[in-house]
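From first to last, the protein sequence lines are chains C and X.
Residues in the first sequence are numbered from 1 upward in steps of one, following this note's numbering.
Residues in the second sequence are numbered from 1 upward in steps of one, following this note's numbering.
Encoded as structure tokens, the structure appears first; notes follow it.
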Amino acid sequence: MAGYGLTLVTFALIFGALAVSYNISLGFVSLLSISHAAFFAIGAYAYAVLSTQDGATDAAFLQAAGLGILLAALIATGLGLLLIALPEQYVIIGTLALQVTFTTVLTNWTGLTNGIQGIAGVPAPSLFGLTFDTPWSQLGLAAALVVLTLGIAEGVLRSPLGITLRAARDDAAAAAAAGIAVQPLRIAMFALGASLAALAGSVYAGVIGFIDPGSFTVDASIQFLSMVVIGGLGSPVGALLGGVIIALLPSILQEFSLAMNAAATVQQLLFGVAMTLMVVLRPHGLLPERRLLTTGEVGR
Amino acid sequence: MVSFAGYLPDLIVQAFYVGSEWALIAVGFGLIARTCGIFHLAIGSLFGVGAYCLYLGVAQAGFGRIPAVLLAMVVTALVSAAVDRVVYQPVTGLQGQRQFNHLAPFVASLGVMIVLRTLLQILFGASPLAVEPPALGVAAFAGARVLTWNLWRAGIAVAAILLFAAWLRGTRAGLSLTALAQSAEGASVIGISERGVRLQLFLATGALAGLAGALSMMTHPIMPGDGFAVMLYGSLVALLFPGAGPIGWWLGSVAAALIYGIGVILVGNGWEDTILQATLLACIVVTRVLLPRLRRRLSLRHRAYAAPRPTLAEGEA
């Protein structure tokens, strides 16, 4: 039971880190892409494919994580260059369509992904001679991922770049007039968020040991979005909290004697209700972003 | 083996009736986006509500098909209006609340989409449900053999779109919508009530979405999430031709359904979705990003050549 609890917390932390990464593009520069599950999948499949090949070494995790980060950054940059000049509605529908397309590719490219059968027997990650194959060590790995992701997000937000990003987000026209390169900044944050999502994906695949396209659908992307909305747009700690709450929700529902299928359905319903209620009643989330003027950070 | 050309008449006829159904969604999505600035992603779930209302009417309550279709349209119209009143109006500031994040309507529409779809799943289960399709025989049409019901299906959808287009052009409410799409402030100055016009818009587009779902349910089995793909295709068509209006969106949807059908014939195995989405996205990028950039560049170059060179005296001045 202790092992089960540790595994739950481990997944909650991974999803928390994923929500923090999503918040970098969604909360920092207000770029609503509905394709974050695709970037998460890139990291997960990079590790699953590389680590299950014949002759895979202990360095597979580092190689796969690096490959996943690179691929996600490249795809996000390409996507950003194509779509960012369009009005926001086009970005949303464009990324939604790409997410659907990506799931189709994962399902149909059986030579690489094994299709809907998925990839089983993904080994636990090894890093610097350590193998993360026990619940405690995996919890430590997930915690390290959270520290890294949160550190990067908070670092960006508290730096002068953070102030620039907020200016670009809150009034793009005024920021551009002040000489801020708004679109390149938005693309850079989109790529950074995508890269961190890919890293979280590699850790996820190593911890869970089995992946299939069903974990990376549009619904997953919407679920990740709900984590950020519920936690707090623009607030890294809020997004972490939202990710942890949403990830733990199925287990909490099972405590109410709901069968697995029913719990999944009720969970979906709760996502939808929570997202709708949050934007209507508490649009800034559970832990809203700190406003610069009220905290007196400007000018320090 | 039949050549591709041999399939063409069937493909075109199929595109006609499938695309007409997609167009019912594209019209609703496009008009709400243009008039209210809301991305009504939940319209895909209204498609599902319409489909299951028809199922309830025909398979459970024993209604005839026509009363069941009307029931589906009334229910989806009411749900659509309720969604606007309870969710969209507050987050777009129409009820005088504080300013919301501009992403709020998108997130709200995703939330509503999930809620409606999951409610359908809880009420009817995740497995596909179907009603007996009308037995109307087979007809030869434009060189293709087609179920007569499919011709009816397309005819009903096209009639609804034409009726809707006539409502837009010929009624006070329709003209108010056009005014609202051009300038909400200007519309309010001349006494147009945004809330009243929106109510009519959401009722009408909800009824169209319900009609699309009901027609689909009479043709093939439907699952709670099936409206998502229709919403995606309809929204891509509406975005590709933003100012086209109902008839233009209908033509665009038929063209999209033709691409889909060609994808099925040439590739199949589920790639047809990818082919259609990639084609529509590529068209959007070309028409909305690349061509305007090219046009701007050419126009700048043209101006540079056309402008008279300043004389030395003008330069000094």
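Backbone N, C-alpha and C define an ideal beta-carbon position, used for all residues, glycine too.
Since this is a predicted model, take the numbers as computed values, not measurements.
Would you call residue i buried or exposed, if buried means 16 or more other Cβ atoms sit within 10 Å of its Cβ?
i          : result
Gly-285(C) : buried
Gln-97(X)  : Because Gln-97(X) sits at a pLDDT of 49, beneath the cut-off of 50, its placement in the model cannot be relied upon, and the following sentence gives the value as read from the coordinates. Gln-97(X) comes out exposed.
Leu-293(C) : Low confidence applies here, because Leu-293(C) scores a pLDDT of 49, under 50, leaving its location unreliable and the question unanswered by this model.
Gly-225(X) : buried
His-40(X)  : buried
Ile-187(C) : buried
Ser-235(X) : buried
Thr-57(C)  : exposed
Glu-185(X) : exposed
Tyr-260(X) : buried
Leu-112(C) : exposed
Thr-134(C) : exposed
Pro-90(X)  : buried
Val-83(X)  : buried
Arg-172(X) : exposed
Thr-110(C) : exposed
Ala-76(C)  : buried
Ser-221(C) : buried
Val-147(C) : exposed
Gly-299(C) : Below a pLDDT of 50, predicted positions are generally treated as unreliable, and Gly-299(C), at 39, falls in that range; the measurement from the model is reported next regardless. Exposed.
Trp-136(C) : exposed
Ser-299(X) : exposed
Phe-228(X) : buried
Gly-62(X)  : exposed
Phe-271(C) : buried
Do residue i and residue j have their C-beta atoms within less than 8 angstroms of each other?
i          : j          : result
Val-13(X)  : Val-197(X) : no
Ala-191(C) : Leu-145(C) : no
Val-49(X)  : Val-75(X)  : yes
Val-203(C) : Ala-142(C) : yes
Pro-125(C) : Phe-61(C)  : yes
Cys-283(X) : Leu-232(X) : no
Arg-65(X)  : Tyr-90(C)  : no
Ala-160(X) : Leu-208(X) : yes
Leu-81(C)  : Leu-248(C) : no
Asn-23(C)  : Ala-239(C) : yes
Val-100(C) : Val-218(C) : yes
Thr-107(C) : Gly-191(X) : no
Leu-46(X)  : Gly-155(X) : no
Arg-153(X) : Thr-219(X) : yes
Leu-27(C)  : Val-182(C) : The question names Leu, but residue 27(C) is Gly in the sequence shown. Taking 8 angstroms as the Cβ cut-off, Gly-27(C) and Val-182(C) do not qualify as a contacting pair.
Leu-139(C) : Ser-21(C)  : no
So with CB distances below 8 angstroms, who are the chain X contacts of residue i?
i          : result
Gln-99(C)  : Simply none; closest approach about 10 angstroms.
Thr-104(C) : Gly-270, Trp-271, Asp-273, Thr-274
Thr-107(C) : Gly-270
Leu-82(C)  : Val-285, Val-289
Mind listing the chain X neighbours of residue i? Cutoff is C-beta to C-beta under 9 angstroms, in chain order.
i          : result
Ile-252(C) : None at all; the shortest Cβ gap to chain X is about 17 angstroms.
So which residues of chain C does residue i contact, with C-beta pairs closer than 8 angstroms?
i          : result
Ile-284(X) : Leu-86, Tyr-90, Gly-94
Pro-90(X)  : Val-280
Thr-118(X) : Thr-265, Gln-268, Leu-269, Gly-272
Ala-108(X) : Met-275, Thr-276, Val-279, Val-280
Gly-261(X) : Result: empty, since nearest Cβ-Cβ is about 17 angstroms, beyond 8 angstroms.
Val-112(X) : Gly-272, Thr-276
Listing by chain order, which chain C residues have their CB less than 7 angstroms from the CB of residue i?
i          : result
Gln-121(X) : Thr-265
Arg-288(X) : Leu-86, Tyr-90
Ser-235(X) : Ile-93
Ile-278(X) : In the sequence as displayed, the identity of residue 278(X) is Ala instead of Ile. In chain order: Thr-101.
Val-115(X) : Leu-269, Gly-272, Val-273, Thr-276
Taking 7 angstroms as the line, does the beta carbon of residue i fall inside it for any heavy atom of the ligand GTP?
i          : result
Ala-278(X) : As far as ligands go, the structure on display features none, and thus does not contain the ligand GTP.
Cβ closer than 9 angstroms: which chain C residues qualify as neighbours of residue i?
i          : result
Val-79(X)  : In chain order: nothing, as chain C lies at least about 14 angstroms away.
Leu-294(X) : Residues of chain C passing the Cβ test: none, with the nearest at roughly 13 angstroms.
Val-87(X)  : Thr-276, Val-279, Val-280
Please list the partners that residue i has in chain X, where partner means a Cβ-to-Cβ separation under 7 angstroms.
i          : result
Ile-116(C) : Residues of chain X passing the Cβ test: none, with the nearest at roughly 10 angstroms.
**Prompt:** Do the stretch 51-59 of chain X and the stretch 285-303 of chain X meet, that is, are 3 or more Cβ pairs less than 8 angstroms apart?
**Reply:** No, the stretch 51-59 of chain X is not in contact with the stretch 285-303 of chain X.
**Request:** Residues of the stretch 142-157 of chain X with a CB closer than 7 angstroms to any CB of chain C: list them in chain order, please.
**Result:** Using a CB distance below 7 angstroms, no part of the stretch 142-157 of chain X faces chain C.
**Message:** Short of 7 angstroms Cβ to Cβ, which residues in the stretch 228-249 of chain C face chain X?
**Reply:** Within the stretch 228-249 of chain C, the residues whose Cβ lies closer than 7 angstroms to some Cβ of chain X are Val-229, Leu-233, listed in chain order.
**Asked** Taking one C-beta from the stretch 225-240 of chain C and one from the stretch 43-55 of chain C each time, how about it: are there three or more such pairs within less than 8 angstroms?
**Response** The stretch 225-240 of chain C, when compared against the stretch 43-55 of chain C, does not touch it at the 8 angstroms Cβ threshold.
**Asked** At a Cβ cut of 8 angstroms, what residues of the stretch 190-215 of chain C count as close to chain X, listed as they run along the chain?
**Response** Result list empty, no residue passes.
**Asked** Got a sec: which bits of the stretch 263-278 of chain C sit with their beta carbon under 7 angstroms from any beta carbon on chain X, in order along the chain?
**Response** Within the stretch 263-278 of chain C, the qualifying residues are Thr-265, Gln-268, Leu-269, Phe-271, Gly-272, Val-273, Met-275, Thr-276.
**Asked** If you pair each beta-carbon of the stretch 27-34 of chain X with each one of the stretch 245-263 of chain X, do three or more pairs fall below 8 angstroms?
**Response** In this structure the stretch 27-34 of chain X touches the stretch 245-263 of chain X; the number of beta carbon pairs closer than 8 angstroms is three or more.
**Asked** If you measure beta-carbon to beta-carbon, which residues of the stretch 46-60 of chain C are closer than 7 angstroms to chain X?
**Response** Within the stretch 46-60 of chain C, no residue has a Cβ that lies closer than 7 angstroms to any Cβ of chain X.
**Item:** Chain-ordered residues of the stretch 27-52 of chain X with a beta carbon less than 7 angstroms from chain C
**Value:** If the cut-off is 7 angstroms between Cβ atoms, the stretch 27-52 of chain X has Ala-33, Phe-39 near chain C.
**Message:** For the stretch 192-206 of chain X, list every residue whose C-beta sits within 7 angstroms of some C-beta in chain C, in sequence order.
**Reply:** Cβ contacts with chain C come from no residue of the stretch 192-206 of chain X.
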